[in-house]
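Have a look at the structure below, then the notes.
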Amino acid sequence: MTGRGDGDGERDRAVTVQIGAVILFGFLIVALSTYQATVVPDQNREVEFLHNQEVQTDMVELSSSITATGRTGDAAPATVKLGTRYPSRAFFVNPPPASGRVQTVDPPDDGTVSLENVDIESSSGGEANDYWDIAANRNKSTRFVVYEPRYNTYRGAPTTRYESGVAFNRFSNGANLTLTDQRVVEDDRVTLVAVSGDLSRSGVSTVSVDPEAVSTVSRRERVSGTLDVTIPTTLNATRWEVLLADEIDDGWVNGTRNAPGGVTIELNDSRTYALGIAAVHVGDGDSPDRSPAYLDVEQRPSEMTAGTTREVVVEVRDGYGNPMSGVEVNGVVDDGPGSLADDEVLTDGDGRAVFEYTARGTEGEETLRFSYNAVDGGGFDASSASDAAFTVEATEGGAGTGDGSASTLYDLQWDEASITAADGVSEDTSTDADILINRSIAGDAIDVTTETTDSATGEPVSGVEVDYASNDSAVGRFTGANGNATTDDDGRADVTVDLPSNGTAKLYAAASGAGDTLTARVVSGDDGGGDGGGDGPSVAFRLDDLSHPQESGVEYVGSYAVSNTNASFQRVEITYQNTDDGSATQTLESTDDRGGLTYTSGYGATDTYTVTVEVIYSGPSGEYVAASRSVTDAADASNPTGNDDLSTATSASLSSSTIEDRSTGGQGPRYRFDYAVSTGDYSQTRLAVVSTGAGGKQTVTRTARSGNNVDLNDPYGYNEPFKLAILVYGPDGAVVDARIASDTADGTDP
């Protein structure tokens, strides 16, 4: 037997190596097990976390896609990466790939988008209310889009939800984190998007979601009343009040309250809103029915001269209030000899059917009927949504000749003898004008008189209503009660014409087809001659057009500077007059002789506006317009020509700027701004990206004098034309410098 330590060293060393190998292998197993149990899950958790950040971005883009599809009708597909795979590991085990599910779900309590206390103002005769007054028609069903992750290690991952225009994360503890702003109420625009469809996709791969436009907000209804908008949402009223903070501060929203299955937004009953409702379909299933829902009368005469022809415009809208093209509308003149050029007209791309109506040849009333169903027979009901009827009164007489004669029972003419008898008013002997008015003597208003006589006997006629108008309200205008007057026993009617500024204006008088024109030249100066332009205030004006034709939004930034004022100065008024739609007209005012007044409207883009700046003075007989300036412009995002430079010797200026077009087909329009403003009087810089085609609008305001890498991005409008603007404001609110550029959002710098 051989004992230990007998000198056989090779055998002892072999045993030691074997034991060491076993121990080392054990350590390796423990290390691998520890790595598998701790490091691999941590790394996988990071993979899942990064995927969750990515899918949140996907859901934000999907929400933008749904909104853009509803607003423009242009489908904007979005992709959602449902899951993720872990990196390959040679010696370690991965769990199955992390998956996810995106699906549409019903709101709680079968919630619907609903409107209460709504009154349609954009409808002639209130025809649209035949539809909207029915409670069921004010409720529109909608669905939510929800992404739910199925991770193996990231246990606290949120569910990402799209509800009523807002994308947000919901965590397992009930906390919510909003990812987007709300777009239900934006100033005077109320936009609701009803989502339909059965979408259910699960797995690991990336899927495409293609929203389909069912009904697009191509025109909006003007609404008022104690309007309440209820939207389905699992966010509470407090959260929505935070989302609506700007609209609450600006007075567009009074507040919010919880409602069954959602939140009610209370709008300001003293304001008018532009309402648009869109329908968007995602996934499978049947789309909502889109058939004619109501007939709206857009334009109609209530009184016209016998035998003359006028247009009658009716519009067919679907259940969401949007126009429908290609619908046959039937019309008929009932109980009267008048006629329609065509009794069947198809609606055009704007949903409008235009009829030419010729009134009866004699005095009297007749009724016009219109319907997209049968217009004759017992089925017609003027109180139903599909039918409309109204009366037109035909009156005798034709148009006046303009020289005092008319083919009517009356002769109407200006009494120039009495008008020129007033101080400061005389016959104009140096031009083609009829009278010369010296404001330095006559003042800022004069009384004018017309005479109405029987065309057969020449006797005065009493009780005739005479209407007055001017072709240039900046020179002469009839305001308020002075727009019409009734003749007395002597056949005379007296009114006052205001004289805001120097120039030449035609003053019109008309009554029952008779009419006369008086051309007045208004001057200032001791001798009654010259233009008198140097003795009163003068107005410099700049108009920046940031209107958005795609969504019918109008925005004008009117900057002004009044010089040479005196103690009579009261304020400046800027009137934004929509010459195509009087309901969109608004007057803004300021007591400062220099500043800016911004006009916005949710409807009226591409319409023609006359923007008038008036300097209001106060005198012994009351207030009057001491100076004025008018600009005519189409609200299409293009500035009018002739803008004045409002900078002063101490104003800041735009010292440098660059605009980079970073747009891509996948991400849409993306613009990056760099700018620097010099020293001098300054308040803020506004950057704007406004599509003049089928794209969006984004703006941002910065108070810093310089900005780098300021990004303005929009989800839709790639390859569309855009207006790019950098506006520099002085401390008084007037725009003192600017850079304006045009560009196509295609990735090529302007």
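One point on numbering: in UniProt numbering, the residue at position 6 of the sequence shown is 6, and numbering is uninterrupted. Ideal Cβ placement from N, Cα and C applies to all residues, glycine included.
Give a yes or no on whether the minimum CB-CB distance between Asp-133 and chain B is below 9 Å.
-> This model lacks chain B altogether; it includes just one protein chain.
Assigned exposure category for Arg-271 - 16 Cβ within 10 Å defines buried = Within the sequence shown, numbered from 1, the residue matching residue 271 stands at position 271. With fewer than 16 other Cβ atoms inside 10 Å of its own Cβ, Arg-271 counts as exposed.
So is Asp-714 buried or exposed if we call it buried at 16+ other beta carbons inside 10 Å?
-> Working through the sequence shown from its first residue, we reach residue 714 at position 714. Classification for Asp-714: buried.
Length-filtered (3 minimum) beta strand (DSSP E) runs lying within the segment 422–510 | Restricting attention to beta strand (DSSP E) runs no shorter than 3 residues, the segment 422–510 encloses them at 425–427, 435–438, 445–454, 465–470, 484–486, 492–498, ordered along the chain.
The beta strand (DSSP E) with Ile-231 in it runs from where to where?
-> Here residue 231 corresponds to residue number 231 of the sequence shown, with the count starting at 1. Segment 228–232, the beta strand (DSSP E) holding Ile-231.
On the premise that Thr-79 lies in contact with Thr-206, defined as a C-beta separation below 8 Å, what is that separation, rounded to the nearest angstrom?
-> Counting from 1 along the sequence shown, the entry for residue 206 is found at position 206. Counting from 1 along the sequence shown, the entry for residue 79 is found at position 79. That pair is a contact at about 5 Å.
On the three-state DSSP scale, how would you describe Arg-239?
-> By 1-based counting over the sequence shown, the position of residue 239 is 239. In the three-state reduction of the DSSP assignment, Arg-239 falls in the helix class, which pools H, G and I.
Looking only at C-alpha atoms, which of Ser-638, Val-102, Thr-160, Asp-198 sits nearest to Gly-283?
-> Numbered from 1 along the sequence shown, position 283 holds the residue referred to as residue 283. Among Ser-638, Val-102, Thr-160, Asp-198, the Cα nearest to that of Gly-283 belongs to Asp-198.
Would you identify the three-state DSSP class for Gly-533, choosing helix, strand or coil?
-> In the sequence shown, residue 533 corresponds to position 533, counting from 1. Residue placement at Gly-533 is poorly supported in this model, since its pLDDT is 36, which falls under 50; the coordinates are not used for a value here.
With DSSP collapsed to three states, give me the class of Asp-249.
-> The residue given as residue 249 occupies position 249 in the sequence shown. If DSSP states are grouped into helix, strand and coil, Asp-249 belongs with the helices.
Please go through the same chain and pick out, in chain order, the residues whose beta-carbon is closer than 7 Å to the beta-carbon of Val-354, but skip the five residues on each side of it.
-> Residue mapping note: residue 354 aligns to position 354 of the sequence shown, counting from 1. Glu-311, Val-313, Val-345.
In this structure, does DSSP put Ser-628 in helix, strand or coil?
-> Locating residue 628 in the sequence shown gives position 628, counting from the first residue. Looking at Ser-628 - three-state DSSP - the assignment turns out to be strand.
First and last residue of the beta strand (DSSP E) that includes Tyr-162?
-> Within the sequence shown, numbered from 1, the residue matching residue 162 stands at position 162. For Tyr-162, the uninterrupted beta strand (DSSP E) run begins and ends at 159–163, by DSSP.
What is the C-beta distance between residue 753 and Asn-373, in whole angstroms, given that I count them as a contact (C-beta under 8 Å)?
-> Since the first residue of the chain shown is 1 and the last is 750, residue 753 is not available in this structure.
Exposed or buried, what is Arg-220 when buried is set at 16 or more other beta-carbons lying within 10 Å of its beta-carbon?
-> Within the sequence shown, residue 220 is the residue found at index 220, counting from 1. Label assigned to Arg-220: buried.
Exposed unless 16 or more other CB atoms sit within 10 angstroms - verdict on Glu-163 | Here residue 163 refers to the residue found at position 163 when the sequence shown is read from its first residue. It counts as buried.
Can you tell me whether DSSP reads Phe-49 as helix, strand or coil?
-> Taking the sequence shown and counting its residues from 1, the one referred to as residue 49 is at position 49. In the structure shown, Phe-49 falls within a helical segment according to DSSP collapsed to helix, strand and coil.
What are the partner residues of Asp-737, as DSSP defines its beta bridges?
-> Sequence index remark: in the sequence shown, residue 737 carries index 737 (1-based). Val-728, per the DSSP bridge assignment.
Between the beta-carbon of Gly-73 and the beta-carbon of Ala-175, is there less than 9 Å?
-> Your numbering for residue 73 matches position 73 in the sequence shown. Your numbering for residue 175 matches position 175 in the sequence shown. For Gly-73 and Ala-175, no; Cβs fall outside 9 Å.
My guess is that Asp-334 and Thr-367 are in contact by the Cβ rule of under 8 Å, so how many angstroms apart are they, rounded?
-> Counted from its first residue, the sequence shown places residue 334 at position 334. Counted from its first residue, the sequence shown places residue 367 at position 367. Contact annotation, Asp-334 with Thr-367: C-beta distance approximately 4 Å; criterion of less than 8 Å satisfied.
Gly-596 - partner residues in DSSP beta bridges = Taking the first residue of the sequence shown as 1, we reach residue 596 at position 596. Partner(s): Ser-559.
Answer with buried or exposed for Pro-500, where buried requires no fewer than 16 other C-beta atoms within 10 angstroms of its C-beta.
-> Within the sequence shown, numbered from 1, the residue matching residue 500 stands at position 500. Residue burial annotation: Pro-500 is buried, with at least 16 other C-beta atoms found within 10 angstroms of its C-beta.
Kindly confirm or deny that the segment 594–601 and the segment 649–666 touch, where touching means at least three C-beta pairs closer than 8 Å.
-> No, the segment 594–601 does not touch the segment 649–666.
Alpha-carbon spacing of Gly-404 relative to Arg-492, whole angstroms = Position 404 of the sequence shown, counted from the first residue, corresponds to residue 404. Position 492 of the sequence shown, counted from the first residue, corresponds to residue 492. Any reading at Gly-404 must be qualified, since the residue scores a pLDDT of 34, below 50, and its modelled position is unreliable; the value itself is stated next. Roughly 14 Å separates the two Cα atoms.
Sorted by chain position, which residues of the same chain lie with C-beta nearer than 6 Å to Asp-109's C-beta, five sequence neighbours on each side aside?
-> Translated into positions along the sequence shown, residue 109 becomes position 109. The beta carbon of Asp-109 sits closer than 6 Å to those of Pro-260, Gly-261, all from its chain and outside the five residues before and after it, given in chain order.
Cβ contact (3+ pairs, closer than 8 Å) linking the segment 536–551 and the segment 729–744 = Verdict: yes, contact present.
Where Phe-370 falls, given that 16 or more other Cβ within 10 Å makes a residue buried | In the sequence shown, residue 370 corresponds to position 370, counting from 1. Buried is the call here.
Do Val-425 and Ile-446 have their C-beta atoms closer together than 9 Å?
-> Within the sequence shown, residue 425 is the residue found at index 425, counting from 1. Within the sequence shown, residue 446 is the residue found at index 446, counting from 1. Using a Cβ distance threshold of 9 Å, Val-425 and Ile-446 count as a contacting pair.
Residue range of the unbroken beta strand (DSSP E) whose run includes Asn-709 = Here residue 709 is taken as the residue at index 709 of the sequence shown, counted from 1. Taken as a continuous stretch (DSSP letters only), the beta strand (DSSP E) holding Asn-709 covers 706–713.
Ordered list of alpha helix (DSSP H) runs contained in the segment 291–376, each at least 4 residues | Counting only runs of 4 or more, we get nothing.
Which residues does DSSP pair with Glu-551 in a beta bridge?
-> Your numbering for residue 551 matches position 551 in the sequence shown. Partner(s): none; Glu-551 has no beta bridge.
Below 9 Å between beta carbons: does that hold for Leu-507 and Val-466?
-> If you number the sequence shown from 1, residue 507 lands on position 507. If you number the sequence shown from 1, residue 466 lands on position 466. Not a contact, by the Cβ cut-off of 9 Å.
Give every residue of the same chain whose Cβ lies closer than 6 Å to the Cβ of Asp-531, excluding the five residues on either side of it in the sequence, and list them in chain order.
-> Here residue 531 corresponds to residue number 531 of the sequence shown, with the count starting at 1. Its pLDDT being 34, under 50, Asp-531 is placed unreliably in this model, and the value from its coordinates should be taken loosely. So the list reads Asn-502, once near-sequence residues are dropped.
What do you reckon, are the CB atoms on Glu-614 and Ala-605 nearer than 9 Å?
-> Taking the first residue of the sequence shown as 1, we reach residue 614 at position 614. Taking the first residue of the sequence shown as 1, we reach residue 605 at position 605. In this structure, Glu-614 keeps its C-beta atom at 9 Å or more from the C-beta atom of Ala-605.
Do the CB positions of Leu-275 and Gln-182 come within less than 9 Å of each other?
-> Taking the sequence shown and counting its residues from 1, one reaches residue 275 at position 275. Taking the sequence shown and counting its residues from 1, one reaches residue 182 at position 182. Contact: no.
Would you kindly work out how many angstroms separate the C-alpha atoms of Arg-477 and Thr-264, rounded to a whole number?
-> Against the sequence shown, residue 477 aligns to sequence position 477. Against the sequence shown, residue 264 aligns to sequence position 264. About 46 Å.
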